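Just so you know, we're using the working numbering here: the sequence shown kicks off at 27 and counts up by one.
Backbone N, C-alpha and C define an ideal beta-carbon position, used for all residues, glycine too.
The structure presented is a predicted model; accordingly, all values stated were derived computationally and were not measured.
This report concerns only the one structure given below.
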Amino acid sequence: MKKTFLLTVLALAAYTTVSACTNFIITRGASADGSNMVTYAADSHALYGVLYQHVPGKYTPTMQVREWDTGRLLGPIAQVPTTYRTLGNSNEHSLFITETTFGGRHELDDPKGGIDYGSLIYITLQRAKTAREAIATIVDLANTYGYASSGESFSLIDQEEAWIMELIGKGPEDKGIVWVARRIPDGYVSAHANQARITTFPWDDPENCLYAPDVADVARKFGWFEGENKDFSFADAYAPLDFGAMRGCEARVWAFFRTIADDMDQYEDYALGHNKENRMPLWVKPHTKLTPKVVMDCMRDHYEGTKMDMTTDIGAGGEACPYRWRPMYWKVDGVEYCNERAIATQQTGFWLVGQARPEKVGILWFGTDDAATSPLTPIYVTSQEVPECLKEGNGSMLEYSDSSMFWITNRIAQFAYLRYNIVGKHIRSEIDQWENAMIEKVKKIDILMGNVDYSEKKMKKIATTFSVETAQELFTKWASLDKYLMVKYIDGNVKGEDANGFIDNGNGVNIPGKIEQPGYTEMWKRAVAQDKGEILKVVE
C-alpha cells in the first residue's frame, strides 16, 4: 500500500512539472523592431511570482545550489571570479534564458545530480554574455556536477542570435547530459511547450547546430535508437510522442504558429493528439513581422477560434470561462477525457516577454499570475533595483501581502474567472491601454538614454528610475482596479456609468440609478433547459 501510494505521488509530481510552461522564440528578422524576443510563462501551482536578482558581490570560492522548484539543498559548486547582474531571466548584457520541462525518459534521471535546470538558468545568467557562451556554460555545469532534473528545453537569445537547446541526463550511472542546440534561422519563429521538439539535425554545421558528441550513443546504449547519426531524432529517442504530449503540449505551439503563420491548420489533427505522423516543423516564418504587443497577446491564448476553444463548450459555464481546474484527466462511465491545457493558464507564477535589442538596452516585460488577466511592465535589464511590489520576500504562496503585485493580480484574476465574458473583457481593455502606453513610453526613454553625453552611470540611473516607478505605478493602478471591479460587477450585476462615474438615482444618497443583469450565455441556457427543463419550465 505504501509503495502504491508513493508511486502515485511521484506520478502526480512528474505530471505537474511536465504540464507547465510555454516559450516562444522570435528572431530579429521576424520582429517588427529588429529585436530578438522570447516569452516565458512559469506555470506551477506552487510558484510565487517575484522578480529575482543577483547583485555581484565579494568573491567566495564556492556557492551553494538549491533546487529551484523545491528549495532542496543540492550542495556546493565552484564560484567564478566575475559575475554579472541579473534580473529575472535576463542579465545586464541582454542575455535571456527561459525553459519548459519535457520530462522524457525517466531512466535517465540522476538522483545524485548536483545542479538542477532552474539553477542552470540563473547561474548561467551570472556567468555568460551571449547565447553561445550560455550553451557552453550550461553543458560545463551539468557535466561537472551532474544533472539533477529531467528533460528540459531552453530558449536562449542575445542581441544577435536566438537558440533552442534540449537536454536530458545520462542516467544514474553516468554523470552529465546529452543535448542538442539549434540556432533559429533569422526571419523565423520557434516555440516549445513541455515536449522536446528537435528531431533530426545537421551534424556538420557548427555555426547553427551544436550537440553532445555522445547524443546518439546514449540512446543506442538504452536501445532507443539504431542506425546512422544522420537519422537520429533527439525528440523521438528521449521524449516519444503520446496523446498527452500532443494535446497538452504541442497544441500550445500550434496555437501560436496558427496565429502568426499561414497554412498551420493542416496540423490540427496533430494538435488534437490524433496523428503523430503529421508533426509540425521546429520553426515557421510569420506572415507579418511581429510587434512586442502581438507577442504579448499570443501568450493570452485559450485556443479561441479552434475546435479546442475553451470559451464555447459546456465546461465554460454560463460566463464563457476558458479555465478548467485540475486534474487534467477525468473519467465518466469508464471513458477517459481531458481538459484542454492552453497557453494562458491560472497557475502561472510569473510570465515575461524578453527583448534583446541591438544597440539598445534590453527590456524585460514582466508580469505575475495568469497572462490573460495580468499586464506586463517594462524593466530595463540594466536596472539597479527591483520594485517593491516585485521583490523576493514581499509575501509568498503561504503569506498574503497587500503590497505584492502577485497577490493583486491574483485577486483580479479570481474575480474574472467568475464572470469571464464580462469582467475578463473589461480587464483585457485595461491591460491593452497600459501595455500600449508603456510601449510608447519606452520609445521616449530610449531616446533619453541614447544621449551620447550621458555616462553609463547616468543611463543606468534613468533605466532604474523608470523601471521601478513604472512598476509601482502599475501596482497602484491595479489595486484601484480591484476595488472598482468589485463595485461595478458585484452580485452578477453591472452598474451603469457616464462621464462622471457611476450613475446614481438622483436622490443624493449613492443608490445606483442604472443596473443591468446580463445573465448567462445562450449555450448555458440551452444546456440547463435540456438537463432540467421539465422542473424549471414556467407553466400557466
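Taken in chain order, the unbroken stretches of alpha helix (DSSP H) that lie wholly in the segment 394 to 463 and span 4 residues or more are 431 to 444. Counting only the Cα atoms, Ala67 lies some 9 Å from Gly393. In the three-state scheme derived from DSSP, where H, G and I count as helix and E and B as strand, Arg552 is classed as helix. Restricted to the segment 115 to 151, the beta strand (DSSP E) segments that are unbroken, complete and at least 3 residues in length are 122 to 129, listed in chain order.
Take Tyr363, set aside five residues on each side of it, and the residues of its chain with a beta-carbon closer than 8 Å to its own are Tyr355, Trp356 and Lys357, in chain order.
The alpha helix (DSSP H) runs of length 4 or more contained entirely in the segment 519 to 550 do not exist; there are none. Across the set Arg352, Asp396 and Val361, the C-alpha of Asp396 shows the shortest separation from the C-alpha of Ala370.
The residues Thr48, Thr126, Cys275, Arg278 and Val279, in chain order, have a CB closer than 6 Å to that of Ala219 in the same chain once the five nearest residues on each side in sequence are set aside. DSSP places Ile190 in no alpha helix (DSSP H) but in the uninterrupted beta strand (DSSP E) bounded by Ala188 to Gly195. Closest option to Gly419, judged by alpha-carbon separation, among Asp69, Asp59 and Leu77: Leu77. Inter-residue distance for Ala261 and Leu267 is about 8 Å (C-alpha atoms, whole angstroms). When rounded, the separation of the alpha-carbon atoms in Tyr446 and Ile438 is 11 Å. By the beta-carbon neighbour count (other beta carbons within 10 angstroms, threshold 16), Asp136 is buried. Membership of Gln498 in the alpha helix (DSSP H) is indicated by the continuous run Glu482 to Tyr515. For Pro102, no alpha helix (DSSP H) run applies; the uninterrupted beta strand (DSSP E) run containing it begins and ends at Leu99 to Ala104, by DSSP.
Rounded to the nearest angstrom, the gap between the Cα atoms of Val206 and Glu414 is 39 Å. In the three-state DSSP reduction, Tyr171 falls in the helix class (H, G or I). Counting of Cβ neighbours within 10 angstroms places His313 among the exposed residues, the total staying below 16.
Per DSSP, the beta bridge partners of Glu178 are Thr127 and Leu193. Across the structure, Ala525 and Thr403 are spaced so that their CA atoms are roughly 28 Å apart. Inter-segment contact for the segment 220 to 232 and the segment 108 to 118 is absent: fewer than three beta-carbon pairs are separated by less than 8 Å.
Inter-residue distance for Thr96 and Asp243 is about 32 Å (C-alpha atoms, whole angstroms). In the structure shown, Gly274 falls within a helical segment according to DSSP collapsed to helix, strand and coil. Note that the segment 243 to 254 does not touch the segment 323 to 342; fewer than 3 beta-carbon pairs, one per stretch, sit closer than 8 Å. Shortest Cα-Cα distance from Asp212 to any of Asp166, Gly60 and Met322 involves Gly60. For Asn301, the closest of Asn519, Ser400 and Arg273 by C-alpha to C-alpha distance is Arg273.
Boundaries for Asp327: no alpha helix (DSSP H) harbours it, and the DSSP string shows neither H nor E there. For secondary structure counted as the alpha helix (DSSP H) over 4 or more consecutive residues, the segment 330 to 399 holds no complete run.
With a cutoff of 8 Å on beta-carbon distance, Arg223 and Glu187 are scored as not near each other. Look at Tyr66 here: in three-state DSSP terms it is strand.
Here Ser493 has Ile405, Tyr406 and Ser409 as same chain residues with Cβ atoms under 6 Å from its own Cβ, once five neighbours each way along the sequence are excluded. The segment 449 to 463 makes no contact with the segment 531 to 548; the number of CB pairs closer than 8 Å stays below 3. Sorting Thr156, Gly522 and Thr109 by C-alpha distance to the C-alpha of Ala382 places Thr156 at the top. Here Leu146 is buried: its Cβ has 16 or more other Cβ atoms, across all protein chains shown, within 10 Å. Looking at the backbone, the Cα of Glu254 and that of Pro198 are separated by about 26 Å. DSSP places Trp280 in the helix class (H, G or I) of the three-state scheme.
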